[in-house]
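**Q** Before I ask anything, here is the structure I am working with.
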Amino acid sequence: MSDWWRGAVTYQVYPRSFQDSNGDGVGDLPGITRRLDHLADLGVDAVWLSPFFRSPMKDMGYDVSDYCDVDPVFGTLADFDTLIARAHELGLKVIIDQVLSHTSDQHPFFAESRRDRMNARADWYIWADPKHDGTPPCNWLSVFGGSCWQWDARRKQYYLHNFLTSQPDLNYHNPAVQDWALETMRFWLERGVDGFRFDTVNYFFHDPLFRDDPADYRVKKEPEGNPYGMQYHIFSKNQPENLAWMERIRVLLDEYGAASVGEMGEAHHAIRMMGEYTAPGRLHQCYSFELMGYEFDAAFFRDRVEGFFKGAPNGWPMWAFSNHDVVRHASRWAKHGENVDDVAKQAGSLLLAFEGSICLWQGEELGQTDTPLDFEELTDPQGIVFWPEPIGRDNTRTPMVWDASPHAGFSPVKPWLPVKPDQAARHVEGQKGAQGSVLEHYRQVLAFRKGSAALRAGKTRFLDLPEPVLGFVRGEGEGALLCLFNLSPVALSVIVAGVAAPVSPSIHAVLQDDRLTLGPNAAAFLPVTGAVAVQA
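Per the working numbering, residue 94 is the first one in the sequence shown, and the count goes up by one each step.
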C-alpha cells in the first residue's frame, strides 16, 4: 500500500466550514469525524484537512503559532486522534496541511528572532538591512498586496513575508530550520497521518542576494487586479535549493510509508515545475492552479494533461478544478452549459477521467456554487484588500450544506460565514438517492474509476478532434476506454469505430450504429473493442 496515492482521489475538507459540533458557528474536528461516513459513501480514498493548528487566525489558520497542537476552536489532540482512528476504520487515508514556509508572528521562534541580532534564532527568519535611503532591499511583492518587506524597529531591519505582514518567512538556508520542520512532520506521522499536503511548496527558499524580480514578460489583455501578477518571480521564490529540500522531506516520508502532495503556486511554468518537484526521490505528487481558471476548451485541457506527461514522464500530477482559494468551477464554467448541474456533472466526469491523482474540494460533489457576499460579510484579508477584484476566497469557503434545517445542518447558530438560499438548496440529504442529482453522479463516477484499471493507472492517448470535443483513450487492450466530452451547451455528433456503446456513468450520450450523439455537456465512456477512430 506504499503507493496507495497513485491514481487515488482525495477530498479536501476546510475544517472551519465542514461541520460545527459544539454550536459556536465554526466547524471543528469532532464535526469532521461525524461526517466521515459521507466521504466513505462518496467513494474517495483520502481526506485532506486544511490547517487546524494553533493560530491567531489572521489568515484562517495558515498563520501557525504552534505546529504540534490543535487550535481550541477546532478541538484537541484527542479529537484529532479520534478522527484518525475513525477514518482508518472507514478505509480513508488522512493527509494534513503543512504550512512551513512561514509562521505566525505570534510563534515563539519569531518573538525570539526579532528580539536582537545575536540570539539563538536570530537567523531563523529572513532579515535584511535597508538600502541607504531606508527603502527595502529589493522590489519583491507580497501576494496579499504591497511590499513583502516589513520594517522591524527592534532589529532595525526588514523581515520577509510573502503573504501577510503577520506571516514572516522562515529561513530555509539555515539547516537548523530544516531539521526543526522535519521534526514537526515526525510528530504528526507518529500520530498516524498518512501524508502531507505542503502549502506554497515553491516558496521555501529565496535568492540570498536579494536581486529584484523583473517585470512579467507576458502581454495581457487586461491589467492585473493584484500587483503581484505584474512581476516574474524568479528570485523571490522557485529557487533550486527547494528541490534538495524536497529530497530531505522524502527521506522522512519513506521512513513511514507516507505520501506527499505539493501546492505549486506559480503562474509561469507550473506544469514544468510540477514535474521537477515530483521527480524520483522528491514529492510523490504535485498540483497547481493551472486548471482552476476560466479556460474551458478541449485544447486547454489537452495541453495541460498531455504537457505534463510529455515534459515529466517520471513525475506524477494531482489534478483539481477547485480549492479553498479560487472561485468554484461550477460558477466559473456555468456559461458553458444549459444549467449548473450539467456543467457540474460533466466536470466531475472529466476530472475523474484524467491520468494522475485527483483532488475534490468539499461541496464539489453537490454542484456547489460560489456564494455572493457583501463587503461587510468578508473575513478573508485578501478579499478585503483587493475588493471588489480579484474576488476573495470567502465566497468558496462558506459552510457545507447537509440538510434542510436552519443553516443547512452545518450549525445550530449563525455560522462564521453565511449559508445563503441558493447554496443551501444543494444540500446532501436533498440529493442523496435522487436519480440524476450531482451527488449520485459523483458516486457513480467515483465507483467507476475505482473499478477501472484504465482510469486509475492507464496511459492517455489524446485524439485530434475539433472544438468543442475533447477525446482521449485511457489504457490499452482489455479494459481500455474511449472518453469523449462535448464541452458546449449545443448537441453534436461524431462517427466512432472500435468501441462498444457508452457505459454508465456516461451522460447525454447515445450510440446508434456508428454515430454517437453527444448532447449538451455530454460525457461518454466507451469500452474499446478494436482500433479506435473518431470523426467529427
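Here a beta-carbon is modelled for each residue, glycine too, at the ideal position from N, C-alpha and C.
Let me know the secondary structure DSSP gives V344 once reduced to three states.
**A** DSSP places V344 in helix when its eight states are reduced to three.
**Q** D162 by DSSP, collapsed to three states: which one?
**A** Three-state DSSP puts D162 in a strand.
**Q** Can you tell me whether M94 is buried or exposed? The criterion is at least 16 other CB atoms within 10 Å of its CB, across all chains shown.
**A** Low confidence applies here, because M94 scores a pLDDT of 48, under 50, leaving its location unreliable and the question unanswered by this model.
**Q** Buried or exposed: where does D467 fall if 16 or more other Cβ atoms within 10 Å of its Cβ makes it buried?
**A** Exposed: under 16 other Cβ atoms inside 10 Å.
**Q** Looking at L443 and I451, is the spacing between their C-beta atoms short of 8 Å?
**A** Against a cut-off of 8 Å, the Cβ pair of L443 and I451 comes out as no contact.
**Q** In three-state terms, what does DSSP make of M94?
**A** Reliability fails at M94, whose pLDDT of 48 lies under 50, so the model's placement of it is uncertain and no value is given.
**Q** Per DSSP, A617 forms a beta bridge with which residues?
**A** Looking at the DSSP assignment, A617 forms a beta bridge with L577.
**Q** Expressed to the nearest angstrom, what Euclidean distance is found between the alpha-carbon atoms of Q191 and Y155?
**A** Going by the C-alpha atoms only, they are around 9 Å apart.
**Q** Buried or exposed, going by whether 16 or more other CB atoms sit within 10 Å of the CB of G184?
**A** G184 should be labelled exposed.
**Q** Confirm, please, whether the CB-CB distance from H362 to L263 is below 8 Å.
**A** Taking 8 Å as the Cβ cut-off, L263 and H362 do not qualify as a contacting pair.
**Q** What does the Cβ neighbour count give for A391, buried or exposed, with the cut at 16 atoms within 10 Å?
**A** Flag for A391 reads buried.
**Q** Using DSSP's beta-bridge definition, name the partner residues of F447.
**A** In the DSSP output, where bridge partners are listed per residue, F447 has none listed.
**Q** Tell me, please, whether the stretch 257-273 touches the stretch 211-222 by the rule of three or more beta-carbon pairs shorter than 8 Å.
**A** Contact between the stretch 257-273 and the stretch 211-222 is present, because at least three Cβ pairs lie under 8 Å.
**Q** Would the beta-carbon of T464 fall within 8 Å of that of K513?
**A** In contact: T464 and K513 (Cβ atoms closer than 8 Å).
**Q** Taking C-beta to C-beta, are P598 and F541 nearer than 8 Å?
**A** Closer than 8 Å, so yes.
**Q** Report the residue ranges of all alpha helix (DSSP H) runs contained in full by the stretch 502-575; include only those spanning at least 4 residues, in chain order.
**A** Whole alpha helix (DSSP H) segments, 4+ residues: 514-517, 521-524, 531-543, 546-550.
**Q** Helix, strand or coil, according to DSSP, for L257 in the structure here?
**A** Here L257 sits in coil by DSSP.
**Q** Is it buried or exposed, I477, if we count other Cβ atoms within 10 angstroms and call 16 or more buried?
**A** By the neighbour-count rule (16 or more Cβ atoms within 10 Å), I477 is not buried but exposed.
**Q** Does DSSP classify G591 as helix, strand or coil?
**A** Strand at G591.
**Q** Going by DSSP in three states, F479 sits in which element: helix, strand or coil?
**A** Coil.
**Q** Which two residues bound the contiguous alpha helix (DSSP H) that contains S206?
**A** Where S206 is concerned, the enclosing alpha helix (DSSP H) stretches over 201-206.
**Q** Short of 7 Å in beta carbon distance, which residues of its chain neighbour F145, apart from the five on each side in sequence? Order them along the chain.
**A** Cβ within range, chain order: P108, L122, G154, V163, D164, F167.
**Q** Compare the C-alpha of G568 against each of T175, V562, T553, P474 and name the closest.
**A** Selected option, being the one with the closest Cα: T553.
**Q** Given a cut-off of 8 Å, decide if M385 and F414 are closer than it, judged by their beta-carbon atoms.
**A** Against a cut-off of 8 Å, the Cβ pair of M385 and F414 comes out as a contact.
**Q** With a threshold of 16 other CB atoms inside 10 Å of the CB of T293, please say whether the residue is buried or exposed.
**A** T293 should be labelled buried.
**Q** Helix, strand or coil: how does DSSP classify D216 here?
**A** DSSP places D216 in coil when its eight states are reduced to three.
**Q** By the DSSP assignment, the alpha helix (DSSP H) with L302 in it spans what residues?
**A** Taken as a continuous stretch (DSSP letters only), L302 belongs to no alpha helix (DSSP H), as it is neither H nor E.
**Q** Contact check, R395 vs F555 under 8 Å by CB: the rounded distance?
**A** About 5 Å; that satisfies the 8 Å criterion.
**Q** Which residue or residues does DSSP assign as beta-bridge partners of G355?
**A** F291, C379, per the DSSP bridge assignment.
**Q** Buried or exposed: I588, going by 16 or more other Cβ atoms within 10 Å of its Cβ?
**A** Looking at its Cβ environment, which holds fewer than 16 other Cβ atoms inside 10 Å, I588 is exposed.
**Q** How far does the alpha helix (DSSP H) with K403 in it extend, from its first residue to its last?
**A** 391-404 is the extent of the alpha helix (DSSP H) around K403.
**Q** Alpha carbon to alpha carbon, how far is S148 from F402? Give it in angstroms, no decimals.
**A** Distance between the alpha carbons of F402 and S148 is about 39 Å.
**Q** Around the Cβ of A246, are there at least 16 other Cβ atoms within 10 angstroms (buried) or fewer (exposed)?
**A** Classification of A246: exposed, given that the 10 Å Cβ count is below 16.
**Q** Specify the secondary structure class of P582 as computed by DSSP and reduced to three states.
**A** In this structure, P582 counts as coil in the three-state DSSP scheme.
**Q** Exposed or buried, H181, counting other C-beta atoms within 10 Å across all chains shown (16 or more means buried)?
**A** Classification of H181: exposed, given that the 10 Å Cβ count is below 16.
**Q** Spatial neighbours of L257 within its chain, please: C-beta separation below 8 Å, excluding the five flanking residues on both sides.
**A** Excluding sequence neighbours, L257 sits near K151, D152, D156, S235, F237, P474.
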